[in-house]
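**Student:** As numbered in our numbering, the sequence shown has no gaps in its residue numbers, which increase by one up to the final residue, 266.
Glycine residues also receive a C-beta, built at the ideal position from the N, C-alpha and C atoms.
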Amino acid sequence: MPTKAILQRSTCTQGAPTMLPRRLISSTWLGSRRLWPEPWWPYPSPAAFGINNDDGDGKMEISCNGEGALFVVAQADDLTADDVKKFKPPPELRRLFVPLVEPSSIMLAVQVTFLKYGGVALGTAVHHVAVDALSAFHFFQTWSAFSKHGNRPTVELSCHDRTLLRARSPPAVHPNALSMFYPKHILSNPSRPLAIQVFTISNDWIASLKHLCGGGTSTFCVVSALSCGSAHALRVDSHLILKHT
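Structure follows, in structure tokens:
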């Protein structure tokens, strides 16, 4: 999940980059683990994704391997913040500010790029299996607040309890799930019966779909395309409503 943020000085004058990124680099990453915002360490850096084969279930899990996170500092003297903040920058330009993550099991990678006239670009790549967008932005808000204000709580603690989000075995859909995720669409009890079906897509099937798409396509894209194509091929009656989650 690549993300890019642009930090720009209030006036476009020659000078050193703003103090926040410099302090961010020197005081919160290169030192000991205690320099991390306390609600987060040791979660962000010393971990990677792997497959657990100890109990034979082959499930993905987070392995605290102590290798740390990928952190890159770059300099782009020929680019300003205005150049990067264009409405539709080319993909080649966007990729310059996000670190190339190898292997893909790394959970967090950060690149700080110092631009011309004191602008700074902060590019991040996080493993979307472990971190969603809200959690990622909460982490960087905590990191920024810690860099500016020191080791004291400035951002409300997040909840790391994922018990309710774990997959059920066998897969099941709760009858109240629709009203929970679409509260505005459910104004009363359904006037017609609901038919719920869980579809299992194997890894081989996903690999075949990616091959048919020519490679370089994400799992999310091929599964979404399969869902849309299948729904279109059903050619259901106009009075029926199809929803998938």
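Pull up the CB-CB distance for Pro-120 and Gly-144, whole angstroms please, since I reckon it's below 8 Å.
**Tutor:** To locate residue 120, count along the sequence shown from 1; it is residue 99. To locate residue 144, count along the sequence shown from 1; it is residue 123. Correct: roughly 7 Å between the Cβ atoms.
**Student:** Please state if the CB of Tyr-138 and the CB of Thr-101 are separated by a distance shorter than 9 Å.
**Tutor:** Within the sequence shown, residue 101 is the residue found at index 80, counting from 1. Within the sequence shown, residue 138 is the residue found at index 117, counting from 1. Cβ distance < 9 Å, so Thr-101 and Tyr-138 count as in contact.
**Student:** Which runs of the beta strand (DSSP E) at least 3 residues long sit entirely within the region 119-161? Give them in chain order.
**Tutor:** Taking only runs of at least 3 residues, the beta strand (DSSP E) segments lying wholly in the region 119-161 are 129-136 and 141-147.
**Student:** Closest to Val-219 by C-alpha separation, out of Cys-242, Ala-228 and Pro-191, would be which residue?
**Tutor:** Taking the sequence shown and counting its residues from 1, the one referred to as residue 219 is at position 198. Taking only the C-alpha atoms, the option nearest Val-219 is Pro-191.
**Student:** Measure the C-alpha to C-alpha separation of Cys-33 and Leu-136 and round it to an integer number of angstroms.
**Tutor:** On the sequence shown, residue 33 is found 12 positions in, with the first residue counted as 1. On the sequence shown, residue 136 is found 115 positions in, with the first residue counted as 1. With a pLDDT of only 35 at Cys-33, under the threshold of 50, the placement of this residue in the model should not be trusted; the figure read from the coordinates follows. Those two C-alpha atoms are separated by around 12 Å.
**Student:** Short of 6 Å in beta carbon distance, which residues of its chain neighbour Gly-236, apart from the five on each side in sequence? Order them along the chain.
**Tutor:** Here the question's residue 236 lines up with position 215 in the sequence shown. No residues qualify anywhere along the chain.
**Student:** According to DSSP, what are the bridge partners of Gln-96?
**Tutor:** Position 75 of the sequence shown, counted from the start, is the residue given in the question as residue 96. Note: Gln-96 sits in a beta bridge opposite Phe-135.
**Student:** Assign Leu-255 to one of three DSSP states: helix, strand, or coil.
**Tutor:** In the sequence shown, residue 255 corresponds to position 234, counting from 1. It is helical.
**Student:** Under the rule that 16 or more other beta-carbon atoms within 10 Å means buried, what is Val-94, buried or exposed?
**Tutor:** Here residue 94 corresponds to residue number 73 of the sequence shown, with the count starting at 1. It is exposed - the Cβ of Val-94 has fewer than 16 other Cβ atoms within 10 Å.
**Student:** Can you tell me whether Leu-45 is helix, strand or coil according to DSSP?
**Tutor:** Taking the first residue of the sequence shown as 1, we reach residue 45 at position 24. With a pLDDT of 43 at Leu-45, under the threshold of 50, the predicted position of this residue should be treated as unreliable, and no value is reported.
**Student:** Return the Cβ separation of Ile-222 and Val-194 in integer angstroms, given the expectation that the two are a contact with Cβ distance under 8 Å.
**Tutor:** Start at 1 with the first residue of the sequence shown, and residue 222 comes out as number 201. Start at 1 with the first residue of the sequence shown, and residue 194 comes out as number 173. No, Ile-222 and Val-194 are not in contact; Cβ-Cβ is about 16 Å, not under 8 Å.
**Student:** Have a look at Gln-96, Val-150 and Leu-230 and flag the residue whose alpha-carbon is nearest the alpha-carbon of Val-244.
**Tutor:** Stepping through the sequence shown from its first residue, residue 244 is reached at position 223. When only C-alpha atoms are compared, the closest one is Leu-230.
**Student:** Please confirm whether Val-131 and Leu-91 have their CB atoms less than 9 Å apart.
**Tutor:** By 1-based counting over the sequence shown, the position of residue 131 is 110. By 1-based counting over the sequence shown, the position of residue 91 is 70. Result yes, Cβ atoms of Val-131 and Leu-91 sit closer than 9 Å.
**Student:** Compare the beta carbon distance of Val-133 and Ala-142 with 9 Å and say whether it is the shorter of the two.
**Tutor:** Within the sequence shown, residue 133 is the residue found at index 112, counting from 1. Within the sequence shown, residue 142 is the residue found at index 121, counting from 1. Yes, these two residues count as a Cβ contact at 9 Å.
**Student:** Have a look at the DSSP bridge pairing and note the partners of Leu-91.
**Tutor:** In the sequence shown, counting from the first residue as 1, residue 91 sits at position 70. In DSSP, Leu-91 forms a bridge with Ala-130.
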